[in-house]
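See below for the structure under consideration.
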Amino acid sequence: MMPSIGVCYYPEHWAEETWPRDARRMVDTGITHVRIGEFAWSRIEPRPGVFDWDWLDRAIDVLASAGLKIVLGTPSATPPRWMLDRFPDMLAVDAAGAPRKFGSRRHYCHAHDGYRDAAADMCRVLGERYGRDARIAAWQIDNEYGCHDTVLSYSDAARHAFRDWLARKYQSPEALNRAWGNVFWSMEYADWTDVDLPNLTVTQPNPAHELDYRRFVSDMVAQWNARQVAALRPLTDAPLLHNYMGRVLEFDHFDVGADLDIASWDSYPIGFLSDRLEAAPAHKARFMRQGDPDFQAFHHDLYRAVGKGRWWVMEQQPGPVNWAPSNPAPAPGMVRLWAIEAVAHGAEVVSYFRWRQAPFAQEQLHAGLMYPDDTPAPGLTEAKRAADDLAALPAQLTPSARVALIFDYQSDWAWKTLPQGAGFDYFDLAFSAYRALRRAGMSIDILPLETARDYGGYDLIVAPGLMTLNAAEMQALTASGATLLMGPRSNLQTPDFQIPNPPGPAIPGLDLQIMQVESYPQGYAPHVRDDRHIGIWQEHGRGTAEVALRRRDGIPILYRAGKIHYLAAWPDDALWGDIVQDLTGAPSLLPPGLRIRDTESHRFVINYDLDPVDWDGHTVPGCDALILPRS
Amino acid sequence: MMPSIGVCYYPEHWAEETWPRDARRMVDTGITHVRIGEFAWSRIEPRPGVFDWDWLDRAIDVLASAGLKIVLGTPSATPPRWMLDRFPDMLAVDAAGAPRKFGSRRHYCHAHDGYRDAAADMCRVLGERYGRDARIAAWQIDNEYGCHDTVLSYSDAARHAFRDWLARKYQSPEALNRAWGNVFWSMEYADWTDVDLPNLTVTQPNPAHELDYRRFVSDMVAQWNARQVAALRPLTDAPLLHNYMGRVLEFDHFDVGADLDIASWDSYPIGFLSDRLEAAPAHKARFMRQGDPDFQAFHHDLYRAVGKGRWWVMEQQPGPVNWAPSNPAPAPGMVRLWAIEAVAHGAEVVSYFRWRQAPFAQEQLHAGLMYPDDTPAPGLTEAKRAADDLAALPAQLTPSARVALIFDYQSDWAWKTLPQGAGFDYFDLAFSAYRALRRAGMSIDILPLETARDYGGYDLIVAPGLMTLNAAEMQALTASGATLLMGPRSNLQTPDFQIPNPPGPAIPGLDLQIMQVESYPQGYAPHVRDDRHIGIWQEHGRGTAEVALRRRDGIPILYRAGKIHYLAAWPDDALWGDIVQDLTGAPSLLPPGLRIRDTESHRFVINYDLDPVDWDGHTVPGCDALILPRS
Amino acid sequence: MMPSIGVCYYPEHWAEETWPRDARRMVDTGITHVRIGEFAWSRIEPRPGVFDWDWLDRAIDVLASAGLKIVLGTPSATPPRWMLDRFPDMLAVDAAGAPRKFGSRRHYCHAHDGYRDAAADMCRVLGERYGRDARIAAWQIDNEYGCHDTVLSYSDAARHAFRDWLARKYQSPEALNRAWGNVFWSMEYADWTDVDLPNLTVTQPNPAHELDYRRFVSDMVAQWNARQVAALRPLTDAPLLHNYMGRVLEFDHFDVGADLDIASWDSYPIGFLSDRLEAAPAHKARFMRQGDPDFQAFHHDLYRAVGKGRWWVMEQQPGPVNWAPSNPAPAPGMVRLWAIEAVAHGAEVVSYFRWRQAPFAQEQLHAGLMYPDDTPAPGLTEAKRAADDLAALPAQLTPSARVALIFDYQSDWAWKTLPQGAGFDYFDLAFSAYRALRRAGMSIDILPLETARDYGGYDLIVAPGLMTLNAAEMQALTASGATLLMGPRSNLQTPDFQIPNPPGPAIPGLDLQIMQVESYPQGYAPHVRDDRHIGIWQEHGRGTAEVALRRRDGIPILYRAGKIHYLAAWPDDALWGDIVQDLTGAPSLLPPGLRIRDTESHRFVINYDLDPVDWDGHTVPGCDALILPRS
Ligand SMILES: [Zn+2]
Ligand SMILES: [Zn+2]
Ligand SMILES: [Zn+2]
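Protein chains in written order, with UniProt numbering: chain A, 1 to 631; chain B, 1 to 631; chain C, 1 to 631.
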């Protein structure tokens with residue numbers, strides 16, 4: 001499939017007479033796909049059971065007539081006000097016990113049966129009307145699951161559903177008590193109705209309770225999505241997708257993705273740098289107008305896996321956003337470069353959000369490709385350049401990687417549940433490994449942890465922090481033949497969230513048992529060698545495994561047996577660089593803002609810095625990319 | 001009117017036999033006014049409908065007999081405990097949904113009809129008893145509206161009143177939906193009862209919703225005040241006033257002031273420096289015992305406008321207070337100097353809070369002019385010196401200014417509703433402009449933004465950050481003939497809180513449209529010239545307006561057309577200094593702690609520093625003022 | 001009594017066949033005492049009224065047969081889930097109004113009569129079964145009162161009990177109104193049912209209200225404890241004790257201790273350094289793996305007083321804990337050294353928590369002496385060394401001190417209620433005095449403030465910050481004949497929490513009245529002499545008392561009359577050192593990590609530093625102690 005440019009459009013926001021001109025200009029810009037409808041429930045069904053299809057029919061007609069392919073959203077992220085009259089208890093409840101009210105979006109609990117049915121009904125009527133319409137190129141289910149912290153809910157609906165979920169999992173309260181270790185502190189339950197959600201407890205709840213709750217809410221999201229898929233699937237042949245949001249970890253994207261045909265995500269590089277990236281101030285200042293050089297790539301690689309190879313950017317930042325602590329404008333070139341980079345990672349469509357900046361409501365200061373007065377914003381020119389560039393690309397760009405990074409949502413929940421130290425975060429660990437690999441010039445596949453997965457074909461697999469692996473997962477990783485790096489905190493807990501006996505990591509061929517873990521305060525950074533330190537975390541092992549690296553004080557931090565490595569501490573970026581160079585044989589690290597992404601046929605050299613960088617005989621302009629054929 | 005000294009006194013706190021001695025000593029100190037009664041509801045009406053006038057009659061008698069003029073407060077800030085039995089739902093509710101309980105003061109929601117009636121009834125009985133009593137020199141309505149964050153309430157009473165307020169404003173839900181842009185995210189309402197208060201929403205509520213709520217709560221305060229005025233006004237000829245609190249912005253003081261005869265405010269320079277001023281630590285350390293050199297003056301000028309020329313300091317800090325994060329004692333001389341400064345700005349009365357430090361309850365560590373053991377505290381001597389100084393002043397001191405600063409509460413709410421960047425605050429902007437003008441030696445009138453206002457007669461009008469202006473307001477400002485500085489963020493939103501089309505600021509004669517705004521992180525400070533930077537905010541314009549000033553990287557930050565200027569960024573203090581020197585022609589800036597305030601006949605040179613400062617051939621002692629006749 | 005080593009053990013957590021081996025290994029380690037049962041309610045009474053004694057009988061049998069003395073806990077800290085069905089309102093309520101739910105421990109309000117009775121019933125049945133069993137060496141009542149912030153509760157049960165408590169104290173609402181000064185802000189009550197708990201008020205509640213509430217909740221803890229004591233006492237001759245937690249100040253430990261025979265506390269030096277000690281980062285880094293050099297000693301001395309001479313460490317940190325912001329492992333030697341130090345302060349038993357690390361539930365990452373896989377953890381060897389060292393000690397070690405520090409919980413509540421400045425904390429003040437005395441080489445007795453106490457026999461009594469003293473308490477202190485240091489903030493409030501008239505401190509023989517207090521911002525540190533400063537707090541006095549020390553600017557900070565001193569400011573550590581050297585005649589201060597503790601026969605020289613320290617001709621190894629006979 002030829003990679004192409006899309007845009008998000010809200011016909012219901014604009015006078016109907018502007019639609020044809022908008023459509024024509026989109027096409028002139030080189031745009032091929034247009035997403036509509038995902039927030040329009042109150043216009044599709046203004047009153048319960050009363051549908052207004054006319055405007056939507058005409059909008060689809062205008063857009064498709066201009067040559068655009070339609071991506072139609074199901075509007076379940078924005079139930080109308082009247083839905084609350086039907087289901088007053090449909091709202092999610094926050095951890096302090098307060099219902100999260102109507103007046104923005106995503107005001108529902110995924111566990112609420114009534115609203116779940118209503119959302120599926122909406123899918124059914126949409127599918128009945130447009131399911132066989134060839135102008136619909138794809139369907140988006142709901143919008144940005146988990147955005148605004150909407151996965152964890154402590155509602156009555158969630159409480160009842162959690163009890164049912166536990167009953168199915170454990171079959172008897174006695175089994176649950178054993179699995180959770182509820183004998184501790186007399187927390188034993190006699191009946192399913194004894195079990196509550198793990199908020200507002202006097203001190204931390206049982207981590208097994210917390211982790212099962214997190215598994216439960218993730219399942220609720222997956223079931224919620226599956227319910228809409230089940231309603232739509234029989235009515236359409238068009239692919240189904242969802243648009244995930246950056247660094248949302250509260251549900252398992254692979255579970256949701258399993259029911260869909262394509263993954264997509266909403267990429268706001270500058271907003272994310274400001275609001276959801278831990279980094280040194282100097283780093284944030286350097287990339288203030290470009291975004292972090294690895295954050296987008298990480299998610300591109302992640303969603304390629306979630307989409308089983310098929311993925312899009314559904315919303316691409318087109319200028320300043322409105323929702324981060326600071327909202328600077330992109331440096332010239334970045335709005336185009338982000339699209340090029342996504343395509344280098346295999347994106348089929350890069351869709352800008354949004355066509356024209358809305359002059360009202362929550363996002364009125366969120367840029368579009370067009371200004372509110374219908375004149376072109378800076379993003380439009382860049383989108384056009386991106387479209388032209390994509391047209392000049394070879395039709396087939398197959399991402400190619402020799403390195404795999406395993407990313408596991410369950411591990412994130414496990415770490416959040418039992419952090420054992422302030423600032424100890426799974427995503428940060430995985431991302432620091434990813435960044436180090438990228439600094440060494442690697443192209444990376446991100447993969448889930450799966451029992452039946454064949455991890456063969458990689459030179460190196462990096463799998464940090466997988467808190468729990470079953471035997472088949474461990475086997476899949478260790479038998480792949482690749483160099484393997486696991487640890488820290490890998491396979492140190494059972495699936496029931498207990499410490500295994502014998503202790504983990506229990507890696508075949510590596511005689512090592514982690515007996516004790518330490519967390520360190522921020523600022524305590526034992527030396528490994530000059531300007532290489534570890535921090536935050538140190539494990540202490542027992543066993544005969546070879547020690548490949550020690551702290552200056554002698555404490556081992558890296559164990560090895562053949563190609564299998566176990567990291568027993570948290571390296572700083574410089575030490576990560578050394579480790580990754582050792583594992584990959586990379587002769588040097590790339591400049592701070594330069595990254596490489598390979599496809600089977602081409603090498604993309606991407607410069608996130610403002611200034612040109614010399615590399616390997618080439619000069620890469622600032623905020624630009626070189627696309628080199630691979631020899 | 002001869003400026004004079006007052007004091008706040010609580011006869012109900014003290015044994016009756018001490019009253020005559022207290023009154024005599026007040027008179028000996030040079031005090032002419034005494035405020036009483038504003039917290040005494042439980043003594044005036046100990047049980048519902050049972051009044052005890054005896055003590056109050058006698059207190060008024062004792063004080064007035066000694067020659068003191070009485071300011072009598074209505075006690076609505078402290079409803080007795082039994083009022084809650086009548087109106088269990090009268091309490092305000094915080095943003096998290098919790099009622100704010102009895103046990104301190106201001107425990108009521110301004111929107112509660114029942115308590116509003118009860119408070120008006122209390123005014124009526126007070127007025128009936130004392131309204132024609134010549135010993136009552138003025139009436140204070142309630143006490144410190146908004147103190148302790150008491151304007152925004154999310155009670156049932158507020159919810160119902162808000163729906164009525166919206167129905168009156170918009171007439172139909174459809175009109176409201178259009179005005180707010182509720183088609184966005186399907187937030188459309190079918191009925192007034194659909195509308196809730198904008199707290200606890202999943203993500204930010206519609207800014208139009210939030211801004212209308214803020215307008216509504218401001219109106220509730222004004223209506224609350226007006227209800228008491230309506231009850232009292234027919235019963236008395238004495239002037240009515242209210243005592244506002246420093247940097248309280250949640251209601252429109254001009255609206256409240258329109259119904260009153262005099263404005264007053266409660267000036268706690270050291271408490272405010274500690275708890276409600278953003279400033280560098282070195283600045284705070286330098287003025288720790290004096291207060292900020294501009295904070296009091298700003299409010300003096302503001303309340304002169306709110307009082308339509310007539311204003312008092314109702315509570316003047318007399319020593320250490322009890323409520324700020326740190327509570328140091330005033331430097332010797334300041335308790336007097338603050339009074340002198342107020343008079344230089346036109347105050348009619350400066351009233352110290354309080355006569356004798358109470359040895360019990362919440363404010364027992366708040367200093368008075370007298371210690372709890374009835375011996376003189378350091379403030380007493382200074383109050384006496386201030387009284388003596390005032391007696392030596394010419395009777396008529398008419399403040400005189402060539403510069404006007406426009407201050408607009410609606411703009412503050414608009415900025416808070418849609419900040420588009422952490423730390424972006426309207427008051428900070430207005431105050432930084434005020435400080436810069438004062439550093440240039442200017443005397444300033446602060447004025448509201450008003451349709452029918454004649455702004456003529458000023459050399460310079462500074463009007464930063466007025467988010468929305470109607471055509472008449474814009475006309476009034478631009479047609480004044482003065483040099484005018486507007487921006488940043490001026491007239492960029494419609495009254496319905498949408499982006500206008502064509503874009504603002506739409507200043508007659510200045511061809512400039514702001515197309516895009518950026519917020520920057522703290523610490524990012526683009527250079528303009530050596531040691532001059534902008535920060536936080538940058539607007540990008542379109543149009544033919546002359547660029548008067550650019551950043552070093554070429555981006556315009558000041559536009560000009562004749563005498564009209566538009567500032568498109570947020571200057572730091574040094575750059576503000578340059579801009580203000582350009583606009584005023586001031587040859588230099590005053591020393592950091594020195595300020596000038598002119599009246600028609602005199603120039604007050606006020607030194608907030610501890611050490612003497614040489615200025616224009618004079619030496620101004622530390623914590624003191626020179627009063628020079630104007631040539 | 002020969003000091004000895006104990007351990008905490010949870011037979012209900014382990015398969016019964018492991019019990020004999022565990023018991024044998026405990027004995028081999030030199031352990032003599034084993035605590036069991038304190039969290040086992042759900043196993044003792046699995047269903048209401050249905051008791052299962054078999055397992056507990058057998059556990060006691062196995063342990064006692066091996067030669068271990070049993071400490072049996074009452075399980076009231078962990079009511080089973082079914083207890084909530086009996087008493088749905090038994091949960092404590094947090095300050096925001098949310099019930100604190102089941103799912104961890106300590107989920108009860110001390111004021112709830114029903115659960116109080118249920119807990120006493122459990123004591124009765126335990127006492128009936130084991131009260132005369134000679135194998136039970138002691139009983140522990142409940143567990144860690146106040147842990148997880150569980151003293152202050154805003155439940156309905158607390159509200160009703162508070163009204164009763166006030167009615168008993170004041171007899172009439174009028175008396176309460178007078179005592180609290182409720183005329184201020186019309187806060188007067190007509191009836192007991194008018195009074196609410198002091199949470200969620202609009203601004204701060206009346207401090208007298210808050211302080212009475214704090215006294216009330218402390219009484220609730222004492223009554224709660226006394227109720228269990230009353231149930232158990234007739235049924236057993238074994239001593240009763242409670243295990244207090246470090247730096248828990250919300251209830252008066254002396255009140256609870258009065259009903260018990262022995263005090264004990266739970267000593268987690270590294271956890272406490274991380275989570276409840278204010279100290280400079282460099283200090284925290286230096287002692288990261290050892291704990292603060294004075295924090296344990298302070299509590300040892302405190303609980304020796306609470307236990308009226310008899311005290312234990314009931315839980316001693318054995319390795320990394322799981323609950324602090326960072327959880328590093330102890331430096332080698334510390335697990336032993338902490339036990340030695342406790343014994344130097346007079347501990348009868350030092351009991352490690354816990355025998356084997358639990359592989360499940362909340363504390364699964366809390367180390368034990370054994371790893372979860374039943375192999376020895378590093379703590380086991382150190383515990384054995386400690387046991388061997390203790391066996392070599394002379395049987396009788398009587399702590400001996402020439403200096404007394406008065407510690408008063410009421411003062412802590414008074415300071416918290418009326419801080420008059422951010423960061424102004426009573427514990428910090430007392431602890432800074434204690435540290436200074438220890439740096440000067442002193443051994444210290446910590447004592448309560450008591451009317452009938454004979455403080456004779458000390459060379460020096462340090463009594464900082466006692467907010468209120470009655471005449472007999474003042475007499476006891478000043479008539480002791482010792483050098484006495486009082487202040488700052490001593491006797492400045494009446495028992496009703498008003499400012500006395502005449503003003504305090506009213507120390508016999510010292511003509512000084514504190515007229516005004518100032519709090520300073522962090523970072524403001526007036527010089528006293530080179531590198532000696534005061535900060536945060538300054539009092540201003542009146543009177544003829546000799547000034548012993550002044551700030552460089554002349555303001556007095558230390559007053560004196562003969563042997564009586566009053567400190568009028570908050571000294572930094574260096575100034576504290578000077579003051580203490582003056583008062584004690586100590587020629588120098590000890591090195592930062594070295595401390596001395598004397599018994600009648602021996603001097604313990606304890607080195608908290610990692611490196612050896614030379615002292616008085618001896619070399620003290622790092623993390624070790626010398627035990628020298630006293631000449
Ligand atoms: Zn280093
Ligand atoms: Zn500079
Ligand atoms: Zn110094």
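Think of the CB as a built atom: it goes at the ideal place given N, C-alpha and C, for glycine as much as any other residue.
None of these values were measured; they are calculated from a predicted model.
From the options, residue whose alpha carbon lies closest to that of residue i
i        : options                                : result
A/Gly309 : A/Trp323, A/Arg276, A/Gly257           : A/Gly257
C/Glu363 : C/Gln317, C/Trp615, C/Ser400, C/Leu405 : C/Gln317
A/Tyr608 : A/Pro592, A/Gly73, A/Ala422            : A/Pro592
A/Gly319 : A/Leu302, A/Leu337, A/Trp82            : A/Leu337
C/His540 : C/Tyr566, C/Asp530, C/Gly562, C/Gly523 : C/Tyr566
C/Arg233 : C/Thr74, C/Gly379, C/Asp388            : C/Thr74
C/Val217 : C/Val229, C/Ser153, C/Trp192, C/Trp180 : C/Ser153
B/Gly535 : B/Asp191, B/Val517, B/Glu546           : B/Val517
Range of the contiguous beta strand (DSSP E) that encloses residue i
i        : result
A/His565 : 564 to 567
Residues of its chain near residue i, where Cβ-Cβ distance is below 6 Å and the 5 sequence neighbours each way are ignored
i        : result
C/Ala548 : Leu558, Arg560
C/Asp261 : Pro239, Leu240
Those residues which DSSP pairs with residue i across a bridge
i        : result
C/Glu315 : C/Asp266
C/Pro399 : C/Thr599
Close-in-space but distant-in-sequence residues of the same chain around residue i (CB under 7 Å, 5 per side omitted)
i        : result
B/Asp425 : Trp415
A/Ala158 : Cys109, Ala111, Leu197
Residue span of the alpha helix (DSSP H) that contains residue i, given as start and end
i        : result
B/Arg560 : Here B/Arg560 belongs to no alpha helix (DSSP H); instead the beta strand (DSSP E) covers 556 to 561.
Beta-carbon contacts of residue i that lie in its chain and below 8 Å, excluding the five residues immediately before and after
i        : result
A/Asp572 : Ala525, Arg532, His533, Ile534, Gly535
Per the contact definition of three or more C-beta pairs closer than 8 Å, is the region 426 to 435 of chain C in contact with the region 447 to 465 of chain C? yes
Is the region 43 to 60 of chain A in contact with the region 404 to 420 of chain A, if contact means three or more CB pairs nearer than 8 Å? no
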